[in-house]
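S.K.: As they're listed, the protein sequences go chains G and L.
If you're matching positions, the first sequence starts at 75 in my numbering and goes up one per residue.
If you're matching positions, the second sequence starts at 8 in my numbering and goes up one per residue.
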Amino acid sequence: MQTEPNVKIDQPEAAAEDFEVIQADPKQEIWRRLKKDKIAVAGGCILVVVILLSLAAPYLTSYNPNVVNMADRLLPLGSPGHILGTDHLGRDMLTRLLYGGRISVAIGFTAVAIAMFFGILIGLLAGYYKGFFDILAMRFIDILMAFPYVLLAIAIIAALGPGLLNAMIAISIVGIPYYARIVRGTVLSLREQEYIEAQKALGASDLRILFKHILPNALSPIIVAATLDVGWMIIAASGMSFLGLGAQPPMAEWGVMLSDGKDFLRVAPHISLLPGMAIFMVVLSLNLLGDGLRDALDPRLKQ
Amino acid sequence: MSADHYLEVINLKKYFPVNENLFGRNRSWLKAVDGVTFYLNRGETMGLVGESGCGKSTLGRLIINLLPPTGGEVFLENQNIFDFTGEKRKELRRKMQIIFQDPYGSLNPRMNIGDIIAEPLYIHNLARGNSVQKRVKQLLDYVGLSAYHINRYPHEFSGGQRQRVGIARALAVEPELIVCDEPVSALDVSIQSQVLNLLKDLQQELDLTYLFIAHGLNVVKHVSTRVGVMYLGKLVEITGSDELYDNPLHPYTKALLSAIPIPDPKLKRERILLSGDVQSPIDPPPGCRFNARCPVAFELCTQEEPELREYSKGHYVACHRLGRDAH
Chain G
75 MQTEPNVKID QPEAAAEDFE VIQADPKQEI WRRLKKDKIA VAGGCILVVV ILLSLAAPYL
135 TSYNPNVVNM ADRLLPLGSP GHILGTDHLG RDMLTRLLYG GRISVAIGFT AVAIAMFFGI
195 LIGLLAGYYK GFFDILAMRF IDILMAFPYV LLAIAIIAAL GPGLLNAMIA ISIVGIPYYA
255 RIVRGTVLSL REQEYIEAQK ALGASDLRIL FKHILPNALS PIIVAATLDV GWMIIAASGM
315 SFLGLGAQPP MAEWGVMLSD GKDFLRVAPH ISLLPGMAIF MVVLSLNLLG DGLRDALDPR
375 LKQ
Chain L
8 MSADHYLEVI NLKKYFPVNE NLFGRNRSWL KAVDGVTFYL NRGETMGLVG ESGCGKSTLG
68 RLIINLLPPT GGEVFLENQN IFDFTGEKRK ELRRKMQIIF QDPYGSLNPR MNIGDIIAEP
128 LYIHNLARGN SVQKRVKQLL DYVGLSAYHI NRYPHEFSGG QRQRVGIARA LAVEPELIVC
188 DEPVSALDVS IQSQVLNLLK DLQQELDLTY LFIAHGLNVV KHVSTRVGVM YLGKLVEITG
248 SDELYDNPLH PYTKALLSAI PIPDPKLKRE RILLSGDVQS PIDPPPGCRF NARCPVAFEL
308 CTQEEPELRE YSKGHYVACH RLGRDAH
């Protein structure tokens, strides 16, 4: 091959073989299927609106979410100047909801990102190298999974001390096994594929095989899992805050707001109801989007 | 070991553990390849035939060092390939390549054709920048695909075209030896001959040596100069491809040959029908592996394993019957 040979091969077969299987690009195909799923699109739209609203919070309201105004406390819905009323310290509910959305959504995505990072790393290494590391990592993950999620998160916070950051770390750790298992399972089947063997035969390094060939092919189940998991993480983070283990008052966070309102349920139910509904909306929209994404990525899974 | 052979395989073994118990100790072994010895000359095509599960593919993977052997040696130009580590091993990868059976599973579905063929160039630093594209186009040209296929994804191609991409990828590192692991068995009959002819043409142009694995003798006859017949992890007969058809000596080879259909309804031929199932390769009993199904087996066959011996020049057979009486 060094001497630039003229490989002249008769190609009458080119004609016979040229009826290629024309298919759309897989990414476009997924996008097309997702767009057809109206419920998923609705979920995605709600999510985008929530994110945009919380990002634009300073422009949408002139109140400060944390400034107490005892003169206007416990105003009901529809009060002049406070469309969604005020809480027991006279803070504007709409403002607090918008600012709270920032924290809740950010925590949800960050916690998932952290859990995903470590979960993928553990899953890749365990599934690819098998052997001792696999046994060790999987037993550790079995131990993590043996505890109820919330209990484990509370235990970790108890060790780290309460606070928003620690709560996020705790729910991230709780989420790791989920990803590690998914990734490991996928990698176990992918590593036996012939195109991985081909890379080995070509002399590719393990790092190259793992990140250039295995990870991209393992991505679709991870994406679905992550989308559905963001909702769970938001609930978990709010739950921790509600219990006083996560975000601390007076921070505008949905879980904290829920907790603030629990003493005023009979006089001013909107203080708890509004953040509760906000959590419900965001989590629902994420689940709808996640389900749609799963169906779009793998139509065979659709029931 | 004679020095004039390009590749020497000596007593190569690969056992897979089965039935691992709780403590990781195995109670039994699957003997996929059990003491295989043969050689390859430079520039020739050696066919390897045998039933499914007889260890052909495992043997092919052992030879290109994709699997660690349980025992035995493979010498490439008088160097034991299992001694190679690190950089030398990576260099070895450039000399030996493999073409896979399943054209649907052997290409990464997330990469386009250009990237798939460029991978080996990047791995071995064979080309950079603009020369990558040039080389990829040249390789596509070798295998009869055109440059406009570069940005397409594997799922847009037919089986035969994918197999061509697989061949181009293997050629990218300028190998000397290519293990063809049933490269045409997944293809339509009309496409099979095209790919076989492509492989033959490439062999002439690029001076390649092939180990051609197949499960049918007709494909092997078309391409090989010599043929090895495998049965349950053992080579039972090796000889020139014409000699094999004219004068098969091992009873298993005879049975295989009689199973090739002849496209002539008037021609009557005695078919040797093998009775019984293939033995399990897990912990095989002593004696010849074939004895349970062999029409001419006798006492010795259940006691002692026959060795591969040269009966006439270049014709190796492992059978106790030979030399005792004509059959």
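Positions of the beta carbon are idealized from the N, C-alpha and C atoms, including for glycine.
1) Just checking: is the beta-carbon of Ile130 of chain L within a distance shorter than 7 angstroms of some beta-carbon in chain G?
2) Candidates L:Leu19, L:Ser265, L:Ser231: which alpha carbon is nearest Met53 of chain L's?
3) Show which residues of chain L have a CB atom less than 7 angstroms away from the CB atom of Pro290 of chain G.
4) Do the region 114-123 of chain G and the region 157-173 of chain G touch if we need at least three Cβ pairs shorter than 8 angstroms?
5) Give me the chain L residues within the contact set of Tyr43 of chain G, using Cβ-Cβ distance strictly less than 8 angstroms, ordered along the chain.
6) With a threshold of 6 angstroms on Cβ separation, who are the neighbours of Tyr323 of chain L within its own chain once the five nearest residues in sequence on each side are excluded?
7) Which chain L residues sit within Cβ distance under 7 angstroms of Ala275 of chain G?
8) Do Phe316 of chain G and Leu332 of chain G have their beta-carbon atoms positioned less than 7 angstroms apart in this structure?
9) Return the residues of the region 255-269 of chain G that lie within a Cβ-Cβ distance of less than 7 angstroms from chain L, sorted by chain order.
10) Between which residues of its own chain and Ile270 of chain G is the CB-CB distance below 8 angstroms, once the five residues before and five after are set aside?
11) Quick one: does Asp122 of chain L have its CB under 7 angstroms from some CB of chain G?
12) Near Ile309 of chain G, what residues of its chain come up, given a Cβ to Cβ distance below 8 angstroms and the 5 sequence neighbours on each side ignored?
13) To which residues of the same chain is Ser279 of chain G closer than 8 angstroms at the C-beta, ignoring the five residues directly before and after it?
14) Going residue by residue through the region 241-267 of chain G, where are the continuous beta strand (DSSP E) segments of at least 3 residues, counting only ones entirely within it?
15) Could you tell me which chain G residues have their CB closer than 8 angstroms to the CB of Asp109 of chain L, listed as they occur along the chain?
16) Does DSSP put Leu386 of chain G in a helix, a strand or coil?
17) Is it a yes or a no for the region 135-142 of chain L touching the region 97-106 of chain L, going by three-plus beta-carbon pairs under 8 angstroms?
18) With 7 angstroms as the threshold, decide whether the Cβ of His287 of chain G is near any Cβ in chain L.
19) Ordered along the chain, which non-local residues of its own chain (more than five positions away) have a Cβ less than 6 angstroms from that of Phe297 of chain L?
20) Using only CA atoms, which one of L:Ala304, L:Ser287, L:Gly247 lies nearest to Lys320 of chain L?
21) To which residues of the same chain is Tyr22 of chain L closer than 6 angstroms at the C-beta, ignoring the five residues directly before and after it?
22) Are the CB atoms of Gly241 of chain L and Asp11 of chain L nearer to each other than 7 angstroms?
23) How about Ile120 of chain L and Arg159 of chain L: do their beta carbons lie closer than 7 angstroms?
24) Candidates L:Phe45, L:Gln170, L:Ile124: which alpha carbon is nearest Gln201 of chain L's?
25) Measure the alpha-carbon distance for Pro71 of chain G versus Val186 of chain G and round it to whole angstroms.
26) Going by other Cβ atoms of all chains shown within 10 Å of its Cβ, with 16 needed for buried, is Ala370 of chain L buried or exposed?
27) Based on the DSSP secondary-structure assignment, which residues constitute the bridge partners of Lys38 of chain L?
28) Closer than 6 angstroms by C-beta to Val330 of chain G: which residues in its own chain qualify, once you throw out the five before and the five after it? Chain order, please.
29) Select from G:Val248, G:Asp161, G:Leu210, G:Met355 the residue whose C-alpha is nearest the C-alpha of Pro222 of chain G.
30) Taking 7 angstroms as the CB-CB cut-off, is Gly112 of chain L touching chain G?
31) Whose C-alpha, out of L:Val180, L:Glu183, L:Gln168, L:Leu178, is nearest the C-alpha of Val191 of chain L?
32) How many whole angstroms separate the CB atoms of Ile297 of chain G and His162 of chain G, which I take to be in contact at a CB cut-off of 8 angstroms?
33) Is Pro292 of chain L close to chain G, meaning its C-beta is less than 7 angstroms from at least one C-beta of that chain?
34) What are the residues that DSSP puts in a beta bridge with Ile245 of chain L?
35) Is the distance from the Cβ of Val16 of chain L to the Cβ of Val56 of chain L below 7 angstroms?
36) Any chance you could list the alpha helix (DSSP H) runs of at least 4 consecutive residues sitting entirely within the region 122-149 of chain L, in chain order?
M.R.: Taking the structure as given:
1) Here residue 130 of chain L refers to the residue found at position 123 of the second sequence. By this cut-off, Ile130 of chain L is an interface position.
2) Translated into positions along the second sequence, residue 53 of chain L becomes position 46. Taking only the C-alpha atoms, the option nearest Met53 of chain L is L:Ser231.
3) As a first step, residue 290 of chain G is located in the first sequence; it is residue number 216 there, counting from the start. By Cβ distance, chain L contributes Arg117.
4) With the cut-off at 8 angstroms, the region 114-123 of chain G and the region 157-173 of chain G do not touch.
5) Coverage of chain G is limited to positions 75 through 377, which leaves residue 43 of chain G absent and any answer about it impossible.
6) As a first step, residue 323 of chain L must be located in the second sequence, where it is residue number 316. The answer, listed in chain order, is Ile245, Leu315, Glu317.
7) Here residue 275 of chain G refers to the residue found at position 201 of the first sequence. Within 7 angstroms Cβ-Cβ: Ile71, Leu73, Arg100, Gln104, Ile105.
8) Numbered from 1 along the first sequence, position 258 holds the residue referred to as residue 332 of chain G. Numbered from 1 along the first sequence, position 242 holds the residue referred to as residue 316 of chain G. Yes, the pair counts as a contact, with Cβ atoms nearer than the cut-off.
9) Gln267, Glu268, Tyr269
10) Walking along the first sequence from the start, residue 270 of chain G turns up at place 196. Sequence-distant Cβ neighbours of Ile270 of chain G in its own chain, meaning closer than 8 angstroms and more than five residues away, are Leu264, Ile283, His287, Ile288.
11) In the second sequence, counting from the first residue as 1, residue 122 of chain L sits at position 115. False, the Cβ-Cβ gap to chain G never drops below 7 angstroms.
12) For the purposes of this step, residue 309 of chain G is identified with residue 235 of the first sequence, where counting begins at 1. Once the five neighbours on either side are set aside, the close Cβ partners of Ile309 of chain G are Ile353, Val357.
13) Numbered from its first residue, the first sequence carries residue 279 of chain G at position 205. Once the five neighbours on either side are set aside, Ser279 of chain G has no close Cβ partner at all.
14) none
15) Counting from one through the second sequence, the residue named residue 109 of chain L turns up at place 102. Correct list: Glu268.
16) Any question about residue 386 of chain G goes unanswered here, given that chain G covers just 75 to 377.
17) no
18) For the purposes of this step, residue 287 of chain G is taken as residue 213 along the first sequence, with counting starting at 1. With its beta carbon less than 7 angstroms from one in chain L, His287 of chain G belongs to the interface.
19) By 1-based counting over the second sequence, the position of residue 297 of chain L is 290. Correct list, in chain order: Tyr238, Tyr259.
20) Within the second sequence, residue 320 of chain L is the residue found at index 313, counting from 1. Minimum Cα distance to Lys320 of chain L is reached at L:Gly247.
21) As a first step, residue 22 of chain L is located in the second sequence; it is residue number 15 there, counting from the start. So the qualifying residues of the chain are Trp36, Lys38, Thr77.
22) Indexing the second sequence from 1 puts residue 241 of chain L at position 234. Indexing the second sequence from 1 puts residue 11 of chain L at position 4. Residue identity differs from the one stated: residue 241 of chain L is Lys in this sequence, not Gly. No; because the gap between Cβ atoms is not below 7 angstroms, this pair is not in contact.
23) Counting from one through the second sequence, the residue named residue 120 of chain L turns up at place 113. Counting from one through the second sequence, the residue named residue 159 of chain L turns up at place 152. Yes, Cβ-Cβ distance for Ile120 of chain L and Arg159 of chain L is below 7 angstroms.
24) Counted from its first residue, the second sequence places residue 201 of chain L at position 194. Comparing Cα-Cα distances from Gln201 of chain L to each of L:Phe45, L:Gln170, L:Ile124, the minimum goes to L:Gln170.
25) This structure does not reach residue 71 of chain G, given that chain G is present from 75 up to 377, and the question cannot be answered.
26) Examination of residue 370 of chain L is not possible in this model, given that chain L is present from 8 through 334 alone.
27) Residue mapping note: residue 38 of chain L aligns to position 31 of the second sequence, counting from 1. Lys38 of chain L is bridged to L:Tyr22.
28) Locating residue 330 of chain G in the first sequence gives position 256, counting from the first residue. Excluding residues within five positions, the ones whose Cβ falls inside 6 angstroms are Ser315, Ala321, Pro323.
29) As a position in the first sequence, residue 222 of chain G is number 148, starting the count at 1. The candidate whose alpha carbon is nearest that of Pro222 of chain G is G:Val248.
30) Mapped onto the second sequence, residue 112 of chain L falls at position 105. Closer than 7 angstroms to the CB of Gly112 of chain L there is at least one CB belonging to chain G.
31) Looking up residue 191 of chain L in the second sequence gives position 184. Ranking the options by Cα distance to Val191 of chain L, first place goes to L:Gln168.
32) For the purposes of this step, residue 297 of chain G is taken as the residue at position 223 of the first sequence. For the purposes of this step, residue 162 of chain G is taken as the residue at position 88 of the first sequence. In fact, because the Cβ distance is near 41 angstroms, the residues do not count as touching under 8 angstroms.
33) Translated into positions along the second sequence, residue 292 of chain L becomes position 285. Judged by the 7 angstroms Cβ criterion, Pro292 of chain L is not in contact with chain G.
34) As a working mapping, residue 245 of chain L is identified with position 238 in the second sequence. Its beta-bridge partners are L:Gly235, L:Tyr323.
35) Here residue 16 of chain L refers to the residue found at position 9 when the second sequence is read from its first residue. Here residue 56 of chain L refers to the residue found at position 49 when the second sequence is read from its first residue. For the 7 angstroms CB-CB criterion, Val16 of chain L and Val56 of chain L do not form a contact.
36) 137-149
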